[in-house]
Amino acid sequence: NDQQESGLDQPSDSTEEADPPNRAILAAIAALRNEVTQIKDDICATIDARIQTVYTVLRGELATTKEELQTSISTLEKSAASHANTMGEMEKSASQQSDDITALQRQVTRLSSDVEKLTEKCEDLEGRSRRHNIRIIGVPEGTEGLRPRDFIAGLLQEVLSLDEKPLIDRAHRTLRRRPEPHEPPRPFVLRIHYFHTLEDILRKAAAEKQLFHGGKRIQIFPDYPPAVAKKRALFNRTRELLRGKPGVRLLITHNGTQISFIDAKKAEEYAERLPTPGSTEMGQKDA
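Here's what the structure looks like:
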């Protein structure tokens with residue numbers, strides 16, 4: 047059997063000699079096999095080299111990217127920590143400023159109240175310092191000459207028909223530039239020595255509809271401080287309403303009851319409620 051199998055595996059010399067084309071085919075197949083193996087080995091080697099190259103490049107790029115990311119993350123962490131510290135300081139500062147603002151608001155409220163009280167006190171003191179003063183409007187410029195006090199005393203005695211010249215401590219025009227000829231004259235401000243004399247002058251001036259001196263109309267008023275004059279001007283509408291009421295004068299005593307107002311609107315509403323001429327309800331109001 048072994049001899050038979052060996053005889054089958056190995057061609058006999060007679061077969062090789064008898065079949066030369068088969069030998070050529072077998073040789074070509076062996077050569078082709080070797081060439082394919084070589085090509086396969088070359089392709090595998092090329093693929094391995096390419097894979098190794100790509101691996102090396104990717105590994106380098108990944109390492110670079112990782113390093114950059116770590117650097118960026120470190121920078122962001124530092125920035126976040128800095129922002130956190132800044133936010134903490136800002137919160138602390140805002141809290142402190144809020145406390146300061148609250149304290150300042152309380153202080154401003156207190157100071158505003160103090161200023162209001164001081165303003166009222168200053169207005170009161172200024173008003174008291176002017177209690178003996180009156181103001182005369184309409185006296186032509188230059189008519190007073192060099193002795194304005196004597197001139198004004200004679201003017202008051204003449205236009206108000208006084209028994210004697212009033213005693214005047216001082217008299218002068220308001221402190222502003224001398225007006226041009228076409229401009230109205232500056233008012234006179236004078237201080238009456240006795241208060242009862244001042245009251246007589248104002249009462250007689252109010253009783254007269256119009257006062258004239260030297261052919262020129264003049265007007266006599268109390269010398270109120272500017273702040274008081276502005277407040278009194280708010281009551282002009284009320285005074286106009288009261289002038290049309292029967293038995294009413296511009297000091298408040300209505301039906302035996304004294305009434306005073308700080309709010310001009312309330313005073314106006316009160317005046318509008320008073321009876322009109324011809325009404326059966328009659329009241330008296332002194333002001």
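The numbering of the sequence shown is the numbering used here, which starts it at 47 and goes up by one. Yeah, the Cβ is synthetic: ideal placement off N, Cα and C, and Gly gets one too.
Asked: With 16 other Cβ atoms within 10 Å as the buried cut-off, status of I147; Found: exposed
Asked: Bounding residues of the beta strand (DSSP E) (the contiguous stretch that carries V235); Found: F234 to I238
Asked: I247 versus L320, E162 and L202, residue with shortest Cα-Cα distance; Found: L202
Asked: Completely contained beta strand (DSSP E) runs for the region 185-273, where each covers 3 or more residues; Found: 214-219, 234-238, 257-259 and 262-268
Asked: Whole-angstrom distance between L192 and E318, CA atom to CA atom; Found: 50 Å
Asked: Own chain residues within Cβ distance below 8 Å of A127, not counting five before or after; Found: none
Asked: Backbone secondary structure at D119 - three-state DSSP; Found: One detail in the question is off: residue 119 reads as Ile in this sequence, not Asp. It is helical.
Asked: 6 Å Cβ shell around H239 - same chain, five flanking residues per side excluded; Found: L213 and D215
Asked: Distance between beta carbons of I183 and I264, contact taken as under 8 Å; Found: 7 Å
Asked: R176 (DSSP reduced to helix, strand or coil); Found: coil
Asked: Rounded Cβ spacing between P272 and G173 (contact assumed at less than 8 Å); Found: Going by Cβ atoms, the distance from P272 to G173 rounds to 11 Å, so no, they are not a contact pair.
Asked: Outcome for E314 when other beta-carbon atoms lying within 10 angstroms are tallied against a minimum of 16; Found: buried
Asked: Sequence-distant residues of its chain with Cβ nearer than 8 Å to P227 (five each side left out); Found: none
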